[in-house]
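J.: From first to last, the protein sequence lines stand for chains E and B. Just so we're on the same page, the working numbering is the position in the first sequence counted from 1, plus 160. Just so we're on the same page, the working numbering is the position in the second sequence counted from 1, plus 160.
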Amino acid sequence: MTTTLARFAAALGALLFAGSALAAGAELQLDKWPAERARNLAALQNGARLFSNYCIGCHSASLVRWNSLQQIGLDDRQIKDFLIPGNQKVGDTIKIAAAPAHQKAWFGKTPPDLSVITRARTSFDFAGTDYLYTLLRGYYRDASSPTGWNNVAYPNIGMPHIFWESQGLREATIEEIHAHRDPKTGHTGFLKTVTTFDEIGIATKSAPEPLAAGREGATHTFRPLDPAKARQFDADAADLVAFLAFITDPSAGTRVSIGVWVMIFLGLFTIVAWRLNAVYWKNIK
Amino acid sequence: MAEQKSQYTGLLGWVDERMPTLMSEYKKHLSEYYAPKNFNFWYIFGGLAITVLVIQIVTGIFLVMNYKPDANLAFASVEYIMRDVPGGWFIRYMHSTGASAFFVVVYLHMFRGLMYGSYRKPRELVWIFGCLIFLMLMAEAFFGYLLPWGQMSYWGAQVIVNLFGAIPLIGPDLAVFIRGDYVIGDATLNRFFAFHVIAIPLVLLGLVVAHILALHDVGSNNPDGVEIKKHKDAAGRPLDGIPFHPYYTVHDIFWLAIFLMLFFAVVFFAPEMGGYFLEWNNFIPADPLTTPNHIAPVWYFTPFYSILRATTEQFMIWLAVGTIGMAALMILSIRHAMARGAIAVATIVLLLGYFTLDPKFWGVVLMGVSVMIFFGLPWFDQSPARSMRYRPGWHFWLLIAWVVAFLWLGYLGTQSPTPAGTLVSQVLTLVYFGFFALMPWWSRMGTFKPVPDRITFTAH
């Protein structure tokens, strides 16, 4: 009796959670973006510099005004002299010259506007900041792709590795596990394949190795040829993501600091309201 | 006509001589409105709902000053409010948080009604106006959700308007009529804007007034579910009543302060509320050419959305079995021969419909019924005691089971559909409807505790 019940419960449990386990299995593992960068002015300013030097060749941030960067400690003169390309004014929004139709022809997809990018890339499964941090650092040489680059966070991405000189060359090892059903015996299991991309993007694929148990998904490891350079780039990528998070939600800092005072006020008000209520109800029997 | 001498002096006297309505209404609805003195925690949500309504109207007015109802400008104008309008982010986050807060307080307000039988005679009209408010609130939220013109706005509206397309014969034309276009577009945005800022709020305010007037005519129910008007003093005041003002105003101000702490904690510290109050996909501008992988309505619609999704072809068999069982129960309970015949005919028509029309249509019908079924509560509930306090313990646990089904359906509605999830939501859908459909029978069953003559109240 107990075993039947237990079996039934196990079957029910498996039924309930099978779906979510499957969905979770295919998840991409993301690197944690160091969130403290968002509160560091030097990091945000470095992010702004990288953004201006590398991103706005292709990506607009058309909802963001240049002078909103005053909030990260820059004055109009610095913004104008060091960050704004061409003849845009500090009061302008961050627009680009390239036509979206041309960009679509060049890259296969119009590069997205970056105004609210960290929120737009967030989901119930992961934070947009972690995704972008992994994406920026997830490039590897792949000779089979049109740009010569591929990405672990966004397979077959149209965007080339714009930071390759800063990051330096790396070897990539990608380990993939797929569910597999043997067509002859009907046995189900998993197959593991390991692909190594050398620093010029020539792939070497291992023979599939059968596994009895496993989880669907892919893991990656990189081996930089110049580790110090790659580490420096990790810091730059974190700063750039901090800057993108800032332009996505520029009121975040103000919001939290005002919020603390609002909570203190409401806390005191609650005490007053509580005592007032008690005084009125004291004599109600 | 001779001037009436007022009992008041000074400015108030001057006004009272010319417009006695002002003070007589103030007395009728506040200072001499006698509310039962045993109100508990569950009685704060009506007042909170009014507060949220005011927040929504005031913040809404400021948003309209800067928002552009134009498919090319809408998305950017919302971000303009968030960035370039002084304090704009504060106004917008209050409005977006207010939308969810409205549903939180209204759901809790309705739960109170279910727990203490507040819809029972003579409060049927109070309840019906309340249900109409709930319907209008859903319409208001739906129309408003299109306005930011993000991906979820666009595709959510697309999914819901397409539901009307499932109606046989007139469906596709009706969907075009609602959209004003073959797809959701600028025309749709403009008309939804008109509904969101003018039409629905006007109806909503009118219904709120009707809800409160109807309540104040019959008087409030209370956690004991007894009538306080049965025992009055020499002056005609209920012995167990207490003037709403100042006693319940000070009481409500205290709870309002606590509510505002929670509300502003969300506004200032987590305005997206983990993607439930502001959905992440809605930060991507609407793109008619790219369908998101997963389209889910905002959390407060998901229980009903789950019921829609649960109605698959296989579910029609369950539904048919349920309908036949229900019809048999009704035929056995009703003596009248004509009524019995009518039920039998209606059942056969329904059964024919189940297996000839598209299950999607029945999903839309069930979703509609799942909301409209609340209207029937005053007549479904046949229990001799109003309040759960004096009903058999298992009645309360049945209510809790229904609440769990509602919440679980809501959770499943936020997730991508899976075979297991669909199966669970089908079981929960049966629980959801079974609770109401069988209520005329189960609400009389069990041992009831004696209902006291007067309320139970212990001094604070």
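Idealized CB from N, CA, C, for every residue including glycine.
(1) Identify the contact partners of residue 228 (chain E) in chain B, using a Cβ-Cβ distance below 9 Å as the criterion.
(2) Please tell me whether residue 215 (chain B) has its Cβ less than 8 Å away from any Cβ of chain E.
(3) What would DSSP say about residue 377 (chain E), mapped onto helix, strand or coil?
(4) If you reduce the DSSP assignment to three classes, tell me which class residue 224 (chain E) lands in.
(5) Can you tell me whether residue 338 (chain E) is helix, strand or coil according to DSSP?
(6) From the DSSP output, which residues share a beta bridge with residue 401 (chain B)?
(7) Measuring only the C-alpha atoms, how far is residue 332 (chain E) from residue 203 (chain E)?
(8) Consult DSSP for residue 546 (chain B) and reduce its assignment to one of helix, strand or coil.
(9) Give the interface partners of residue 421 (chain B) over in chain E, defined as CB-CB distance under 8 Å, in chain order.
(10) On the three-state DSSP scale, how would you describe residue 231 (chain B)?
(11) Out of B:342, B:448, B:362 and B:574, point me to the one whose CA is closest to residue 437 (chain B)'s CA.
(12) Residue 238 (chain B) by DSSP, collapsed to three states: which one?
(13) What does residue 300 (chain E) touch in chain B if you count any residue whose Cβ is under 7 Å from its own?
(14) Please state the DSSP three-state secondary structure of residue 350 (chain E).
(15) Candidates B:592, B:598, B:579 and B:562: which alpha carbon is nearest residue 275 (chain B)'s?
(16) Check the C-beta distance from residue 266 (chain E) over to residue 248 (chain E) and give it rounded, since I have them as a contact under 8 Å.
(17) Is it true that the CB of residue 444 (chain E) sits closer than 8 Å to the CB of residue 293 (chain B)?
(18) On the three-state DSSP scale, how would you describe residue 379 (chain B)?
(19) Is there a Cβ of chain E sitting closer than 8 Å to that of residue 435 (chain B), yes or no?
(20) Does the CB of residue 284 (chain E) have a neighbour CB from chain B at under 8 Å?
(21) For residue 356 (chain E) versus residue 336 (chain E), is the C-beta distance shorter than 8 Å?
(22) Output, in sequence order along the chain, the residues in the stretch 406-418 of chain B whose CB is closer than 7 Å to any CB in chain E.
(23) List the residues of chain E whose Cβ lies closer than 7 Å to the Cβ of residue 443 (chain B), in chain order.
(24) With distances taken from CA atoms, which of B:604, B:566 and B:230 is nearest residue 589 (chain B)?
(25) Whose CA, out of B:357, B:408 and B:249, lies closest to the CA of residue 190 (chain B)?
(26) Helix or strand or just coil, what does DSSP make of residue 183 (chain E)?
(27) Does the stretch 386-404 of chain E touch the stretch 357-372 of chain B, meaning 3 or more C-beta pairs lie closer than 8 Å?
(28) Can you tell which of E:199, E:342, E:193 and E:190 has its C-alpha closest to the C-alpha of residue 416 (chain E)?
(29) Apart from the five residues just before and just after residue 298 (chain E), which ones in its own chain have a Cβ nearer than 6 Å to its Cβ?
(30) So, under 8 Å CB-CB, residue 292 (chain E) and residue 281 (chain E) are touching, yes? Tell me the CB distance rounded to an integer number of Å.
(31) Mind pulling the chain B residues with CB within less than 8 Å of residue 437 (chain E)?
(32) Give a yes or no on whether the C-beta atoms belonging to residue 279 (chain E) and residue 288 (chain E) are separated by under 8 Å.
(33) Which residue spans inside the stretch 209-277 of chain E form an unbroken alpha helix (DSSP H) run of at least 4?
(34) For residue 180 (chain B) and residue 539 (chain B), what's the separation of their Cα atoms in angstroms?
(35) Chain B beta carbons: is any one of them nearer than 8 Å to that of residue 314 (chain E)?
(36) Output yes or no for whether 8 Å exceeds the beta carbon distance between residue 541 (chain B) and residue 277 (chain B).
T.: The short version:
(1) By Cβ distance, chain B contributes 243 and 244.
(2) Chain E, which has no Cβ nearer than 8 Å to the Cβ of residue 215 (chain B), makes this no.
(3) Residue 377 (chain E): strand per DSSP, three-state reduction.
(4) In this structure, residue 224 (chain E) counts as strand in the three-state DSSP scheme.
(5) It is a strand residue.
(6) Residue 401 (chain B) has B:196 as its beta-bridge partners, per DSSP.
(7) Taken atom to atom, the span from the alpha-carbon of residue 332 (chain E) to that of residue 203 (chain E) is near 28 Å.
(8) For residue 546 (chain B), the secondary structure class from DSSP, reduced to helix, strand or coil, is coil.
(9) Proximity of chain E to residue 421 (chain B) at the Cβ level (cut-off 8 Å) is accounted for by 423, 426, 427 and 430, in chain order.
(10) Of the three classes helix, strand and coil, the one that applies to residue 231 (chain B) here is coil, per DSSP.
(11) Looking at the Cα atoms, B:574 is the closest of the given residues.
(12) Looking at residue 238 (chain B) - three-state DSSP - the assignment turns out to be helix.
(13) Scanning chain B for C-beta atoms nearer than 7 Å to the C-beta of residue 300 (chain E) yields nothing, as the closest lies near 26 Å away.
(14) The three-state reading of DSSP puts residue 350 (chain E) in strand, counting E and B together.
(15) Residue B:562 is the option with its Cα nearest to residue 275 (chain B).
(16) Not confirmed; about 23 Å, so no contact.
(17) No, these two residues do not count as a Cβ contact at 8 Å.
(18) For residue 379 (chain B), the three-state secondary structure derived from DSSP is coil.
(19) Yes, residue 435 (chain B) lies at the interface with chain E (some Cβ there is under 8 Å from its Cβ).
(20) So yes, residue 284 (chain E) belongs to the interface.
(21) Going by C-beta atoms, residue 356 (chain E) is not nearer than 8 Å to residue 336 (chain E).
(22) If the cut-off is 7 Å between Cβ atoms, the stretch 406-418 of chain B has 406, 407, 410, 411, 413, 414, 417 and 418 near chain E.
(23) Simply 276, 279 and 280.
(24) The shortest Cα separation from residue 589 (chain B) among B:604, B:566 and B:230 belongs to B:566.
(25) With distances taken between Cα atoms, residue 190 (chain B) lies closest to B:408.
(26) Residue confidence is low: residue 183 (chain E) scores 37 on pLDDT, short of 50, so the model does not pin down where it sits. No coordinate-derived value is stated.
(27) These segments do not touch.
(28) The closest CA to that of residue 416 (chain E), considering only E:199, E:342, E:193 and E:190, is found on E:199.
(29) Within the same chain, residue 298 (chain E) has close Cβ partners 311, 312 and 313.
(30) 6 Å between Cβ atoms; contact.
(31) Within 8 Å Cβ-Cβ: 410, 411, 413 and 414.
(32) A distance below 8 Å separates the beta carbons of residue 279 (chain E) and residue 288 (chain E).
(33) With a minimum length of 4 residues, the continuous alpha helix (DSSP H) runs that stay inside the stretch 209-277 of chain E are 260-267.
(34) Computed Cα separation, rounded: 40 Å.
(35) Taking Cβ atoms only, chain B never reaches closer than 8 Å to residue 314 (chain E), which makes this a no.
(36) Result yes, Cβ atoms of residue 541 (chain B) and residue 277 (chain B) sit closer than 8 Å.
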